[in-house]
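From first to last, the protein sequence lines stand for chains A and B.
If you use the UniProt record's numbering, the first sequence corresponds to residues 1 to 417, in order.
If you use the UniProt record's numbering, the second sequence corresponds to residues 1 to 83, in order.
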Amino acid sequence: MNAPAQELEVAELAQSAILRSESELIEAAKRVAAVAAQYADAVDREARFPAEAVAAMRKERLFSAMIPTEYGGDGLSLTGVARLCEALAQGCASSAMIYAMHQSQVVCIVDHGVNVPWQRAFLARMVSEQLLLASATSEENIGGNMRTSACAVDLVDNAFRIEKLAPTISYGKYSDAILVTARRHPDAPPSDQVLIVAPRETFTLEQRGTWDTLGMRGTCSEGHRLVASGIAEQILPTPFSKIADESMLPVSHTLWSSVWCGIASDAANRGHQFFRNQARGKPALPPSAARLSQVLTLIKMMQARLRESLANVEAAQAERAARKANQSNDDDAPLAASIGINADLNMLKLAISQSALHVVQETLMICGMAGYKNDTPFSVGRHLRDLHSAPLMISNDRIELNTANLLLAQRAATGTI
Amino acid sequence: MKTELRRILAESARLDVPIDTLADGDDLYAAGLSSLATVHVMLAIEDEFGIEIPDHMLTRRLFSSVDSLASAVDELRRSQAAA
Numbered sequence: 001m002n003a004p005a006q007e008l009e010v011a012e013l014a015q016s017a018i019l020r021s022e023s024e025l026i027e028a029a030k031r032v033a034a035v036a037a038q039y040a041d042a043v044d045r046e047a048r049f050p051a052e053a054v055a056a057m058r059k060e061r062l063f064s065a066m067i068p069t070e071y072g073g074d075g076l077s078l079t080g081v082a083r084l085c086e087a088l089a090q091g092c093a094s095s096a097m098i099y100a101m102h103q104s105q106v107v108c109i110v111d112h113g114v115n116v117p118w119q120r121a122f123l124a125r126m127v128s129e130q131l132l133l134a135s136a137t138s139e140e141n142i143g144g145n146m147r148t149s150a151c152a153v154d155l156v157d158n159a160f161r162i163e164k165l166a167p168t169i170s171y172g173k174y175s176d177a178i179l180v181t182a183r184r185h186p187d188a189p190p191s192d193q194v195l196i197v198a199p200r201e202t203f204t205l206e207q208r209g210t211w212d213t214l215g216m217r218g219t220c221s222e223g224h225r226l227v228a229s230g231i232a233e234q235i236l237p238t239p240f241s242k243i244a245d246e247s248m249l250p251v252s253h254t255l256w257s258s259v260w261c262g263i264a265s266d267a268a269n270r271g272h273q274f275f276r277n278q279a280r281g282k283p284a285l286p287p288s289a290a291r292l293s294q295v296l297t298l299i300k301m302m303q304a305r306l307r308e309s310l311a312n313v314e315a316a317q318a319e320r321a322a323r324k325a326n327q328s329n330d331d332d333a334p335l336a337a338s339i340g341i342n343a344d345l346n347m348l349k350l351a352i353s354q355s356a357l358h359v360v361q362e363t364l365m366i367c368g369m370a371g372y373k374n375d376t377p378f379s380v381g382r383h384l385r386d387l388h389s390a391p392l393m394i395s396n397d398r399i400e401l402n403t404a405n406l407l408l409a410q411r412a413a414t415g416t417i
Numbered sequence: 001m002k003t004e005l006r007r008i009l010a011e012s013a014r015l016d017v018p019i020d021t022l023a024d025g026d027d028l029y030a031a032g033l034s035s036l037a038t039v040h041v042m043l044a045i046e047d048e049f050g051i052e053i054p055d056h057m058l059t060r061r062l063f064s065s066v067d068s069l070a071s072a073v074d075e076l077r078r079s080q081a082a083a
């Protein structure tokens, strides 16, 4: 395929696609959530990939929702995508988390790949084939720090081959492409990383270990030996440190939080329904009345907190776009702003992961035995187990340390109303 | 002053390579300087030279090399002494 033909194809795609509004996309996500909900217990019980929900996402063309319209996507804002994640999470937490993780990869290519012909062509493929993207950032002997790699790109005649021992690649086996971190070249230090886009036909996976977990059992986040080969254009031109700060981290923290909010909301709705049934035709309120008020108060706070971070991230995206349009140098952008937004995203992750768990624990008290049993309309055991992953996905202990470190840079950290 | 700056970088910057192997103009980010480490470098510089680095000067460019740090410290010492 030569370059002009690619450009033409992209332009045609943009014209032929029917643009959907945010509310249309949310309706589509609700239809997917209904499918996901139907299989959520089986997915959980068997720790299997939510194939039905993912097929429904593909049919509703949700995988390209965040891709800009000029590349054939719906151009949905981050806040819009957050609402899709929230809606999906009310059906099946694993399915919603898979969708959120996919979008954290999409944004890396959208933000940092569009000047590379291969990457532009891949974006068009993502739209037309509704590709599901996964990520291989962790590596054995490196610990949980995704900002360092052991494996390295070794370009010979513009081609590379890498091998990575990844302790976890969520839904790797079922993905259509994996974004892989590696050191820039064989002599580069561990922190000098790049991000490689590896489509299905360019990699092989050998599963190592199992995924028999407390919750989020459908994400199938087994360890793998990944071997990928390809050409230089598959490597995004921006250093991974910048991709992570500007794109991957803001999107993953906000969308994970959206998923957790959605899980907590579904549990709270069950508690609310149970409470209404219990109160019906009785002269006095059930003893759990205060808990229900507290749960809904907390959910409202979580939603407001999440909206604040979404607005911050969108403002930062707009500022970067403006700087790019003015051709002003990123080196002169104030670090205080980027440190501030990183600290905010950390605090968002801490706040929502803890509060969401608390909501479900309280909901369990409201529903009592009906909530504790796994086979009632008020069961919240799966919600509770799924949400126990929230403080662990990038450990809150590590995030607290990191946040305190970032707060050192700020002379006044609380901000104002 | 560059001696003090190099000592601070050795103690706080957690670079991938020893600071002695870098020239004054070499890129510290390429040597593995992270945004977390810049915070510690900033605090150590403020402490060492008795200055306060204003937010508008806190940029990637400031931390890009020993030279860029030295000229900023120089400028701030002069302006804050005059104030």
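Backbone N, C-alpha and C define an ideal beta-carbon position, used for all residues, glycine too.
Considering only heavy atoms of the ligand FMN, does any lie closer than 6 angstroms to the CB of alanine 31 (chain B)?
With respect to small molecules bound, the structure shown includes none, and the ligand FMN cannot be examined in it.
So, under 8 angstroms CB-CB, isoleucine 169 (chain A) and leucine 226 (chain A) are touching, yes? Tell me the CB distance rounded to an integer number of Å.
Looking up residue 169 (chain A) in the first sequence gives position 169. Looking up residue 226 (chain A) in the first sequence gives position 226. With 8 angstroms as the limit, isoleucine 169 (chain A) and leucine 226 (chain A) qualify as a contact, their Cβ atoms being about 7 angstroms apart.
Do three or more CB pairs link the stretch 67-76 of chain B to the stretch 14-21 of chain B at distances below 8 angstroms?
No, the stretch 67-76 of chain B is not in contact with the stretch 14-21 of chain B.
Quick check on the DSSP output: the beta strand (DSSP E) that includes serine 64 (chain B) runs from which residue to which?
Within the second sequence, numbered from 1, the residue matching residue 64 (chain B) stands at position 64. From DSSP, serine 64 (chain B) is part of no beta strand (DSSP E); its letter is neither H nor E.
Listing by chain order, which chain A residues have their CB less than 7 angstroms from the CB of methionine 42 (chain B)?
Here residue 42 (chain B) corresponds to residue number 42 of the second sequence, with the count starting at 1. What methionine 42 (chain B) touches in chain A: Ala409.
Ignore the nearest five residues each way along the sequence and tell me which others in glutamate 48 (chain B)'s own chain have a CB closer than 8 angstroms to its CB.
The sequence position of residue 48 (chain B) within the second sequence is 48, counting from 1. Cβ neighbours of glutamate 48 (chain B) beyond the five flanking positions: Glu4, Ile8.
Look up leucine 392 (chain A) in the DSSP assignment and say whether it is helix, strand or coil.
Taking the first residue of the first sequence as position 1, residue 392 (chain A) is located at position 392. Three-state DSSP puts leucine 392 (chain A) in coil, outside helix and strand.
Just the C-alpha distance for methionine 1 (chain A) and phenylalanine 63 (chain A), rounded to the nearest angstrom, thanks.
As a first step, residue 1 (chain A) must be located in the first sequence, where it is residue number 1. As a first step, residue 63 (chain A) must be located in the first sequence, where it is residue number 63. A caution first: methionine 1 (chain A) carries a pLDDT of 42, below 50, which makes its placement in the model too unreliable to give a value.
Does the Cβ of residue 418 (chain A) have 16 or more other Cβ atoms within 10 Å, making it buried, or fewer, making it exposed?
There is no way to answer for residue 418 (chain A), as the model of chain A reaches only from 1 to 417.
From the beta carbon of aspartate 331 (chain A), is the nearest beta carbon of chain B less than 7 angstroms away?
Residue numbering aside, residue 331 (chain A) sits at position 331 when the first sequence is read from its first letter. Yes, aspartate 331 (chain A) counts as interfacial toward chain B.
With a floor of 3 residues, list each beta strand (DSSP E) that falls wholly inside the stretch 104-191 of chain A, ordered by position along the chain.
DSSP runs (the beta strand (DSSP E)) wholly in the stretch 104-191 of chain A: 133-136, 159-166, 177-183.
Flag leucine 19 (chain A) as yes if its beta-carbon sits less than 7 angstroms from any beta-carbon of chain B, otherwise no.
Translated into the one-based positions of the first sequence, residue 19 (chain A) becomes position 19. Output row for leucine 19 (chain A): interface = no.
May I have the straight-line CA-CA distance separating lysine 324 (chain A) from glycine 271 (chain A), to the nearest angstrom?
On the first sequence, residue 324 (chain A) is found 324 positions in, with the first residue counted as 1. On the first sequence, residue 271 (chain A) is found 271 positions in, with the first residue counted as 1. If I take the Cα positions, the gap works out to 48 angstroms.
Sort out for me which residues DSSP pairs valine 197 (chain A) with in a bridge.
For the purposes of this step, residue 197 (chain A) is taken as residue 197 along the first sequence, with counting starting at 1. Per DSSP, A:Leu179.
My assumption, with CB atoms under 8 angstroms, is that isoleucine 51 (chain B) sits in contact with arginine 77 (chain B). Please give the rounded CB distance.
The residue given as residue 51 (chain B) occupies position 51 in the second sequence. The residue given as residue 77 (chain B) occupies position 77 in the second sequence. Right, the Cβ-Cβ distance comes to about 6 angstroms (below 8 angstroms), so this counts as a contact.
Taking Cβ positions only, does alanine 3 (chain A) come closer than 7 angstroms to chain B?
By 1-based counting over the first sequence, the position of residue 3 (chain A) is 3. Residue confidence is low: alanine 3 (chain A) scores 49 on pLDDT, short of 50, so the model does not pin down where it sits. No coordinate-derived value is stated.
Mind checking who alanine 412 (chain A) pairs with in its DSSP beta bridge?
For the purposes of this step, residue 412 (chain A) is taken as the residue at position 412 of the first sequence. None; alanine 412 (chain A) has no bridge partner.
Evaluate serine 21 (chain A) with the Cβ neighbour count: other Cβ atoms within 10 Å of its Cβ, from every protein chain shown; 16 or more gives buried, anything less gives exposed.
Here residue 21 (chain A) is taken as the residue at index 21 of the first sequence, counted from 1. It is exposed - the Cβ of serine 21 (chain A) has fewer than 16 other Cβ atoms within 10 Å.
Rounded to a whole number of angstroms, what is the C-alpha to C-alpha distance between glycine 223 (chain A) and lysine 164 (chain A)?
Against the first sequence, residue 223 (chain A) aligns to sequence position 223. Against the first sequence, residue 164 (chain A) aligns to sequence position 164. Roughly 10 angstroms separates the two Cα atoms.
Hey, how far is the Cα of alanine 31 (chain B) from the Cα of serine 12 (chain B)?
In the second sequence, residue 31 (chain B) corresponds to position 31, counting from 1. In the second sequence, residue 12 (chain B) corresponds to position 12, counting from 1. Spanning the two alpha carbons is a distance of roughly 13 angstroms.
What are the residues of the stretch 169-193 of chain A that lie near chain B, defined by any Cβ-Cβ distance shorter than 8 angstroms?
Cβ contacts with chain B come from Pro189, Pro190, Ser191, Asp192.
Based on DSSP bridge pairs, tell me the residues matched to alanine 228 (chain A).
As a first step, residue 228 (chain A) is located in the first sequence; it is residue number 228 there, counting from the start. Answer is A:Ile162, A:Phe203.
How about alanine 228 (chain A) and alanine 182 (chain A): are their beta carbons less than 7 angstroms apart?
Translated into positions along the first sequence, residue 228 (chain A) becomes position 228. Translated into positions along the first sequence, residue 182 (chain A) becomes position 182. No, these two residues do not count as a Cβ contact at 7 angstroms.
In whole angstroms, what separates the C-alpha of leucine 350 (chain A) from that of isoleucine 45 (chain B)?
As a first step, residue 350 (chain A) is located in the first sequence; it is residue number 350 there, counting from the start. As a first step, residue 45 (chain B) is located in the second sequence; it is residue number 45 there, counting from the start. Distance between the alpha carbons of leucine 350 (chain A) and isoleucine 45 (chain B): 31 angstroms.
Which residues, in chain order, does the stretch 316-345 of chain A contribute to contact with chain B at a C-beta distance below 9 angstroms?
If the cut-off is 9 angstroms between Cβ atoms, the stretch 316-345 of chain A has Asn329, Asp330, Asp331, Asp332, Ala333, Pro334, Leu335, Ala336, Ala337, Ser338, Ile339, Asn342 near chain B.
Consider the Cβ of asparagine 405 (chain A): report whether some Cβ of chain B lies at a distance smaller than 7 angstroms.
Position 405 of the first sequence holds residue 405 (chain A). Answer yes: the Cβ-Cβ gap between asparagine 405 (chain A) and chain B drops below 7 angstroms somewhere.
Do aspartate 386 (chain A) and isoleucine 263 (chain A) have their CB atoms nearer than 7 angstroms?
As a position in the first sequence, residue 386 (chain A) is number 386, starting the count at 1. As a position in the first sequence, residue 263 (chain A) is number 263, starting the count at 1. Yes; because the gap between Cβ atoms is below 7 angstroms, this pair is in contact.
Determine the chain A residues that contact arginine 61 (chain B) at a beta-carbon separation under 8 angstroms, and present them in chain order.
For the purposes of this step, residue 61 (chain B) is taken as residue 61 along the second sequence, with counting starting at 1. Near arginine 61 (chain B) (Cβ distances below 8 angstroms), the residues of chain A are Asn329, Asp331, Asp332.
Quick one: which residues of the stretch 287-321 of chain A get their C-beta closer than 7 angstroms to a C-beta of chain B? List them in chain order.
Listed in sequence order: no entries.
Under a CB-based cut-off of 7 angstroms, is valine 66 (chain B) close to chain A?
For this step, residue 66 (chain B) is matched to residue 66 along the second sequence. No, valine 66 (chain B) does not count as interfacial toward chain A.
Take serine 64 (chain B) and list the residues in its own chain whose beta-carbon comes closer than 7 angstroms to its own, dropping the five residues that flank it on each side.
Locating residue 64 (chain B) in the second sequence gives position 64, counting from the first residue. For serine 64 (chain B), where only same-chain residues beyond five positions count, the Cβ hits under 7 angstroms are Asp27, Leu28, Tyr29.
Give the residues of chain A in contact with threonine 38 (chain B), contact being defined as C-beta atoms less than 7 angstroms apart.
The residue given as residue 38 (chain B) occupies position 38 in the second sequence. Those are Leu335, listed as they occur along chain A.
Given a cut-off of 7 angstroms on the beta-carbon distance, is the pair alanine 390 (chain A) and serine 353 (chain A) in contact?
The count along the first sequence starts at 1 and reaches residue 390 (chain A) at position 390. The count along the first sequence starts at 1 and reaches residue 353 (chain A) at position 353. Result yes, Cβ atoms of alanine 390 (chain A) and serine 353 (chain A) sit closer than 7 angstroms.
Name, in chain order, the residues that DSSP records as bridge partners for arginine 208 (chain A).
Taking the first residue of the first sequence as position 1, residue 208 (chain A) is located at position 208. Paired residue(s): A:Gly223.
List, in chain order, every chain A residue whose beta-carbon is nearer than 7 angstroms to that of leucine 58 (chain B).
Residue numbering aside, residue 58 (chain B) sits at position 58 when the second sequence is read from its first letter. Neighbours of leucine 58 (chain B) on chain A, chain order: Pro334, Leu335, Ala336.
For the alpha helix (DSSP H) containing valine 251 (chain A), name the first residue and the last one.
Here residue 251 (chain A) corresponds to residue number 251 of the first sequence, with the count starting at 1. Unbroken alpha helix (DSSP H) run through valine 251 (chain A): 249-279.
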